[in-house]
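In what follows, a structure is listed as structure tokens, so that the remarks can point back to it.
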Ligand SMILES: *Cc1c(COP(=O)(O)O)cnc(C)c1O
């Protein structure tokens with residue numbers, strides 16, 4: 004089987020190289036490499052337009068975006084967040100000297116369960132940091148209600164949620180700030196990159212200062228900022244990637260539909276329900292390997308690898324299993340039964356624009372024959 008073509012869980016979408024060269028020539032001619040150059044300005048405007056948001060600040064990556072978002076809102080003390088995410092979610096809190104307080108997720112969506120948030124609020128709680136897991140929108144209304152009642156800020160880790168729309172337009176306009184990632188593995192990539200969606204021009208100005216060391220002009224520094232600026236190279240790449248994004252999403256949608264047609268006949272493989280309430284970006288295709296499947300999740304993961312198919316155990320381990328978090332009272336497995344079970348069962352199957360129908364059939368055959 005080793006002679007078959009490898010199928011990876013994701014493959015970055017890239018435009019033809021020749022189409023990138025004119026952008027590079029402009030950068031070489033102008034000698035403007037970074038610090039808010041013309042491509043940076045163009046990409047901010049183009050993304051606002053595409054995503055249906057008013058204000059957006061580009062970043063060098065999503066993690067610096069999360070760290071800066073917390074700085075921008077002056078968040079301190081304790082922040083309620085999810086264990087079922089990429090580790091950067093909690094790390095961004097620790098880099099701000101904030102204590103993460105982990106709350107369990109909802110079994111249907113694997114997003115932070117609003118019904119469990121209130122019990123975790125203490126006098127030190129200042130904010131909630133939920134994640135739109137796999138691009139599935141959080142229960143934004145319930146979270147907003149709790150935040151309003153307790154005077155908490157909400158910062159969404161929207162790293163998975165590029166282009167996702169919920170019942171009232173872009174999901175990115177919810178909460179005080181939302182943070183996107185444009186990492187190579189994401190639906191829309193600039194190799195490395197990210198952005199903060201800002202509710203108003205004033206907030207964007209503050210965030211623009213923070214991402215440039217706090218500089219307001221040549222001689223004035225107003226805050227202990229960081230270097231979070233996106234370069235002209237990455238911004239130009241973003242402009243080019245944006246041209247192909249609709250075709251890339253359309254192919255992802257077809258792959259998603261094919262899996263959804265083929266997988267239900269396989270006993271023990273459960274697809275996360277896709278509530279029709281929102282527009283998905285088909286960023287991931289998670290399945291739950293249930294106890295009535297002939298193999299364990301890890302067994303299936305290994306079986307697929309033997310067939311040259313590289314799925315991903317995402318999210319496993321939980322953030323709360325890593326050594327810097329596992330001692331916290333909220334990190335104990337008894338506090339997080341749903342997330343703990345999901346981390347044992349979840350497997351993300353290959354999905355990306357370059358995946359063919361034959362590739363999908365090969366993956367499904369392998370799941371069926373176990
Ligand atoms: C990718 C990701 C991040 C980090 O984004 P980078 O751009 O890689 O720094 C944060 N949170 C989640 C949920 C992610 O998937």
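Residue numbers (our numbering): 4 to 373.
Glycine included, C-beta positions come from ideal geometry on N, C-alpha and C.
It should be emphasised that the depicted structure is a prediction, and the values quoted were computed from it without experimental measurement.
- Query: According to the Cβ coordinates, are residue 157 and residue 150 closer than 8 Å?
  - Reply: Looking up residue 157 in the chain shown gives position 154. Looking up residue 150 in the chain shown gives position 147. In contact: residue 157 and residue 150 (Cβ atoms closer than 8 Å).
- Task: Within the same chain, show all residues whose beta-carbon is closer than 6 Å to that of residue 169, passing over the 5 residues directly before and after it, in chain order.
- Result: Taking the chain shown and counting its residues from 1, the one referred to as residue 169 is at position 166. The residues are 140, 281.
- Query: How long is the line joining the alpha carbons of residue 274 and residue 262, rounded to whole angstroms?
  - Reply: Taking the chain shown and counting its residues from 1, the one referred to as residue 274 is at position 271. Taking the chain shown and counting its residues from 1, the one referred to as residue 262 is at position 259. Whole-angstrom Cα-Cα distance: 9 Å.
- Task: Mind checking which residues open and close the beta strand (DSSP E) that includes residue 352?
- Result: Taking the first residue of the chain shown as 1, we reach residue 352 at position 349. Here the beta strand (DSSP E) through residue 352 covers 349-352.
- Of the residues 12, 246, 235, 203, which one's Cα is nearest the Cα of residue 1? Given a span of 4 to 373 for the chain in the structure shown, any question on residue 1 remains unanswerable.
- Task: Counting only the same chain and skipping the five closest in sequence on each side, list residues whose C-beta sits under 6 Å from that of residue 239.
- Result: The residue labelled residue 239 in the question sits at position 236 within the chain shown. The residues are 26, 42.
- Which ranges would you report for the alpha helix (DSSP H) in the segment 18-94 if only whole runs of at least 4 residues count? 20-33, 41-54, 65-75
- Message: Need the endpoints of the beta strand (DSSP E) that residue 197 sits in, please.
- Response: For this step, residue 197 is matched to residue 194 along the chain shown. Residue 197 -> beta strand (DSSP E) spans 197-201.
- Query: Quick one: is the Cβ of residue 189 within less than 7 Å of any heavy atom of ligand 1?
  - Reply: Here residue 189 refers to the residue found at position 186 of the chain shown. Indeed, a heavy atom of ligand 1 lies less than 7 Å from the Cβ.
- Item | residue 138 CB to nearest heavy atom of ligand 1 below 7 Å | Against the chain shown, residue 138 aligns to sequence position 135. Because no heavy atom of ligand 1 lies under 7 Å away, the Cβ of residue 138 does not count as near it: no.
- Query: CA-CA distance, residue 111 and residue 355?
  - Reply: Here residue 111 refers to the residue found at position 108 of the chain shown. Here residue 355 refers to the residue found at position 352 of the chain shown. Their Cα atoms are separated by approximately 24 Å.
- Message: Since residue 62 and residue 248 should fall inside the 8 Å C-beta cutoff, what is the C-beta to C-beta distance between them, to a whole number of angstroms?
- Response: One-based indexing of the chain shown puts residue 62 at position 59. One-based indexing of the chain shown puts residue 248 at position 245. Going by Cβ atoms, the distance from residue 62 to residue 248 rounds to 19 Å, so no, they are not a contact pair.
- Task: Would you list, in sequence order, the uninterrupted alpha helix (DSSP H) runs of no fewer than 4 residues that lie entirely inside the segment 86-165?
- Result: 91-97, 143-153
- Query: Just how far apart, CA to CA, sit residue 305 and residue 86?
  - Reply: Along the chain shown, one-based indexing puts residue 305 at 302. Along the chain shown, one-based indexing puts residue 86 at 83. Straight-line Cα distance between these residues: approximately 25 Å.
- For residue 175, which of helix, strand or coil comes out of DSSP? Along the chain shown, one-based indexing puts residue 175 at 172. Note: residue 175 maps to helix in three-state DSSP.
- Message: Tell me whether residue 64, by its Cβ, gets closer than 7 Å to a heavy atom of ligand 1.
- Response: Along the chain shown, read from residue 1 onward, the residue named residue 64 stands at position 61. Yes - ligand 1 has a heavy atom lying nearer than 7 Å to the Cβ of residue 64.
- Message: If I follow the unbroken alpha helix (DSSP H) through residue 258, where does it start and stop?
- Response: Here residue 258 refers to the residue found at position 255 when the chain shown is read from its first residue. 235-265 is the span of the alpha helix (DSSP H), which, as asked, contains residue 258.
- Task: Evaluate residue 205 with the Cβ neighbour count: other Cβ atoms within 10 Å of its Cβ, from every protein chain shown; 16 or more gives buried, anything less gives exposed.
- Result: Along the chain shown, one-based indexing puts residue 205 at 202. Residue 205 is exposed by the Cβ-count criterion.
- Query: Beta carbon of residue 181: closer than 7 Å to some heavy atom of ligand 1?
  - Reply: For the purposes of this step, residue 181 is taken as the residue at position 178 of the chain shown. Outside the cutoff, so no.
- Beta-carbon contacts of residue 243 that lie in its chain and below 8 Å, excluding the five residues immediately before and after: Sequence index remark: in the chain shown, residue 243 carries index 240 (1-based). Non-local beta-carbon contacts of residue 243 in its own chain, meaning distances under 8 Å to residues more than five positions away in sequence, involve 18, 22, 23, 26 in chain order.
- Query: Between residue 70 and the rest of its own chain, which residues show a CB-CB distance below 6 Å, the 5 nearest in sequence each way excluded?
  - Reply: As a working note, residue 70 is residue 67 in the chain shown. Cβ neighbours of residue 70 beyond the five flanking positions: 95, 98.
- Message: Taking the alpha-carbon of residue 351 as reference, which of 294, 315, 191 has the nearest alpha-carbon?
- Response: Locating residue 351 in the chain shown gives position 348, where the first residue counts as 1. Among 294, 315, 191, the Cα nearest to that of residue 351 is on 315.
- Per DSSP, cross-strand counterpart(s) of residue 282: Taking the first residue of the chain shown as 1, we reach residue 282 at position 279. Residue 282 is bridged to 168.
- Out of curiosity, what's the CA-to-CA distance linking residue 51 and residue 166? Taking the first residue of the chain shown as position 1, residue 51 is located at position 48. Taking the first residue of the chain shown as position 1, residue 166 is located at position 163. Cα to Cα, the separation comes out at about 11 Å.
- Query: Is it true that the CB of residue 292 sits closer than 8 Å to the CB of residue 272?
  - Reply: Taking the first residue of the chain shown as position 1, residue 272 is located at position 269. Taking the first residue of the chain shown as position 1, residue 292 is located at position 289. Closer than 8 Å, so yes.
- Item | Cβ-Cβ distance between residue 207 and residue 58 below 8 Å | Within the chain shown, numbered from 1, the residue matching residue 207 stands at position 204. Within the chain shown, numbered from 1, the residue matching residue 58 stands at position 55. The answer is yes: Cβ separation under 8 Å.
- Rounded to whole angstroms, what's the CA-CA distance from residue 325 to residue 250? Just pull it up for me. In the chain shown, the residue the question calls residue 325 occupies position 322. In the chain shown, the residue the question calls residue 250 occupies position 247. Approximately 38 Å, taken between the alpha carbons.
- Can residue 92 be considered in contact with ligand 1, in the sense that its beta carbon sits closer than 7 Å to one or more heavy atoms? Your numbering for residue 92 matches position 89 in the chain shown. Flag set: Cβ of residue 92 near ligand 1.
- Should residue 163 be listed as close to ligand 1, given that the test is whether its C-beta is under 7 Å from any heavy atom? Looking up residue 163 in the chain shown gives position 160. Distances between the C-beta of residue 163 and the heavy atoms of ligand 1 include at least one below 7 Å.
- Query: Hey, how far is the Cα of residue 13 from the Cα of residue 223?
  - Reply: Start at 1 with the first residue of the chain shown, and residue 13 comes out as number 10. Start at 1 with the first residue of the chain shown, and residue 223 comes out as number 220. Residue 13 and residue 223: Cα-Cα distance of roughly 44 Å.
- Message: Please classify residue 100 as buried or exposed, where buried requires at least 16 other C-beta atoms within 10 Å of its C-beta.
- Response: Counting from 1 along the chain shown, the entry for residue 100 is found at position 97. So residue 100 counts as exposed.
- Message: According to DSSP, is residue 339 part of a helix, a strand, or is it coil?
- Response: If you number the chain shown from 1, residue 339 lands on position 336. Residue state, collapsed to three classes: coil.
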